[in-house]
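Asks: Per this note's numbering: the sequence shown = residues 10 to 237.
Glycine included, C-beta positions come from ideal geometry on N, C-alpha and C.
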Amino acid sequence: MIIDIFLSSYPLFLKATWLTVQLTAVALLLGCIVGLVIAFFRISDSKPLNYFAHVYITVIRGTPLIVQICILYFGLANMVTLSQFWAGAIALAVHNGAYIAEIFRGSIQSIDRGQMEASRSLGMSYPLAMRRIILPQAFRRAIPALGNQFIIGLKDSSLVAYVGMQDLWGTGLGEAASNYKQLETYMVVGLYYLVLIMLFTYFVNRLEARLARGRAPKKQDKGTSVAA
10 MIIDIFLSSY PLFLKATWLT VQLTAVALLL GCIVGLVIAF FRISDSKPLN YFAHVYITVI
70 RGTPLIVQIC ILYFGLANMV TLSQFWAGAI ALAVHNGAYI AEIFRGSIQS IDRGQMEASR
130 SLGMSYPLAM RRIILPQAFR RAIPALGNQF IIGLKDSSLV AYVGMQDLWG TGLGEAASNY
190 KQLETYMVVG LYYLVLIMLF TYFVNRLEAR LARGRAPKKQ DKGTSVAA
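#1: Thinking C-alpha only, which one of 168, 122, 161, 132 is nearest residue 146?
#2: If you run the structure through DSSP and keep just helix, strand and coil, what is residue 92?
#3: Does residue 68 pass the burial test, meaning 16 or more other C-beta atoms within 10 Å, or should it be called exposed?
#4: Can a CB atom of chain D be found closer than 7 Å to the CB of residue 154?
#5: Look at the Cβ atom of residue 162, then the Cβ atom of residue 213, and state whether they are nearer than 7 Å.
#6: Please report the straight-line C-alpha distance between residue 3 and residue 209, rounded to a whole angstrom.
#7: So, at 6 Å on beta carbons, what are the nonlocal neighbours of residue 230 in its own chain, with the 5 sequence-adjacent residues on each side left out?
#8: In terms of residue numbering, what span does the alpha helix (DSSP H) encompassing residue 125 cover?
#9: Give every residue of the same chain whose Cβ lies closer than 7 Å to the Cβ of residue 33, excluding the five residues on either side of it in the sequence, and list them in chain order.
#10: To the nearest angstrom, how far is the alpha carbon of residue 111 from that of residue 13?
#11: Assuming residue 114 and residue 52 are in contact, meaning their beta carbons sit under 8 Å apart, how far apart are those beta carbons, in whole angstroms?
#12: In this structure, how does DSSP classify residue 175 when only helix, strand and coil are distinguished?
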């Protein structure tokens with residue numbers, strides 16, 4: 010029974026869930042940094058930078074994540090010593106960075122060019138105008154797409170189990186092999202992932218709602234009049 014597996018193995022699965030959350034958080038944080046840098050390369054006037062970003066995005070989006078994880082894990086192991094956690098986090102960051110880059114690029118380019126021109130006319134440098142004027146608006150517009158990508162990143166983190174990491178899915182594989190109840194064990198693992206994604210979706214929706222309230226124009230108080 011599913012309930013029996015849940016009750017007998019929940020301490021192990023809770024530990025694995027915490028590891029999955031840590032891995033996903035680190036990978037997505039690094040992925041956002043990578044994505045922002047690649048997005049700037051994509052909108053740059055420098056042809057070498059633009060070409061590098063284009064090749065990076067094409068290669069990452071055109072190859073399976075499990076292949077990237079294995080290449081980075083076994084390839085980096087020949088040069089530097091990395092734990093399974095950091096090897097998995099870097100691989101996930103590189104993968105998610107390609108998709109996040111396109112999200113950031115689209116949100117940055119959606120801001121009216123006139124805002125940058127107005128900022129420059131006020132004496133701001135390009136980096137200062139980008140940091141104070143463009144990026145805050147771009148981040149706000151990117152929240153829904155980033156939320157979806159983060160959810161995908163959480164589910165994709167299960168692939169690190171195939172390089173030996175005992176995350177939520179890796180622990181589920183081990184439990185299924187020991188109790189010979191694959192279907193029930195996998196269903197329990199699925200419930201853990203479902204709860205994580207529901208919690209994450211709730212926080213993303215709350216953030217979107219809060220930002221939407223911040224953008225809403227204030228209503229004029231009744232009884233006030235505009236002087237002619």
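Replies: Based on what the coordinates show:
#1: 122
#2: coil
#3: Exposed is the label assigned to residue 68, since fewer than 16 other Cβ atoms lie within 10 Å of its Cβ.
#4: Given the protein chain composition of this structure (a single chain), no chain D is represented.
#5: With contacts defined by Cβ atoms closer than 7 Å, residue 162 and residue 213 do not form a contacting pair.
#6: Outside the shown range of the chain (10 to 237) lies residue 3, about which nothing can therefore be said.
#7: The predicted model places residue 230 with a pLDDT of 46, which falls under 50 and marks its position as unreliable, so this point remains unresolved.
#8: 122 to 130
#9: 162, 163, 166
#10: 45 Å
#11: 6 Å
#12: coil
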